[in-house]
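Q: Let me begin by handing over the structure; questions about it come next.
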Amino acid sequence: MYSFGEILKSLRTSKKLSIEQLAKKINEKYDTTISKSMISRYENNLAEPKMDVVRVFADFFDASPEYIMGLEDTNDKTANKNSKAIETIAAHLDEKNITEEKMKDIIKYIDFIFQDEE
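Read left to right, the sequence shown gives residues 7 to 124 (the working numbering).
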């Protein structure tokens with residue numbers, strides 16, 4: 007697994023941002039005061055960020071805090087959102103007495119929604 011600093015640098019460079027540009031964008035968007043020297047210290051593993059800073063970077067790069075901290079190998083933020091949505095739908099369906107016919111209609115509707123993606 008990679009460190010927070012390595013992941014932060016990778017995410018920053020993938021967006022073609024300099025440390026200075028990242029600091030400016032982060033501070034403007036989140037009303038924070040993260041300096042470019044602090045970002046450099048994070049990237050070089052000379053400092054560990056507080057959790058609120060991790061959340062800011064995770065949100066900015068659309069990544070999960072677990073991924074950006076190096077606790078997960080992949081950025082499954084989208085998968086996690088989908089998983090929670092599926093759990094919510096399943097809970098709603100579990101509360102109802104769904105007939106076999108209604109379940110077939112639900113499956114057809116889901117297939118219809120996703121047919122554009124195929």
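Every residue, glycine too, gets a C-beta built ideally from N, C-alpha and C.
1) If you follow the alpha helix (DSSP H) that ASN81 is in, where does it begin and where does it stop?
2) GLU54 and LEU14 look like a contact to me (Cβ under 8 Å); what is the Cβ gap, rounded to whole Å?
3) For the alpha helix (DSSP H) holding ASN103, just list the boundary residues, first then last.
4) Hey, SER20 and GLY76 are a contact pair by Cβ (cut 8 Å); roughly how many whole angstroms apart?
5) If I'm right that ILE32 touches PHE66 with Cβ under 8 Å, what's the distance once you round it to whole angstroms?
6) Less than 8 Å between C-beta atoms, sequence neighbours within five positions excluded: which residues of the same chain meet that for TYR36?
7) Can you tell me whether ILE116 is buried or exposed? The criterion is at least 16 other CB atoms within 10 Å of its CB, across all chains shown.
8) Going straight from the alpha carbon of SER43 to that of ASN81, what length do you get?
9) Please confirm whether ALA29 and SER41 have their CB atoms less than 9 Å apart.
10) Here's the rule: buried if 16 or more other CB atoms are within 10 angstroms of the residue's CB, otherwise exposed. What is ALA69?
11) Please classify GLU54: does DSSP put it in a helix, a strand, or coil?
A: Reading off the structure:
1) Looking at the DSSP string, ASN81 is not in any alpha helix (DSSP H), and its letter there is neither H nor E.
2) Contact doesn't hold; Cβ gap of about 12 Å is too wide.
3) Counting along the chain, ASN103 falls outside any alpha helix (DSSP H), and DSSP gives it neither H nor E.
4) That pair is no contact at about 16 Å.
5) 6 Å
6) VAL62, ASP65 and PHE66
7) exposed
8) 26 Å
9) yes
10) buried
11) coil
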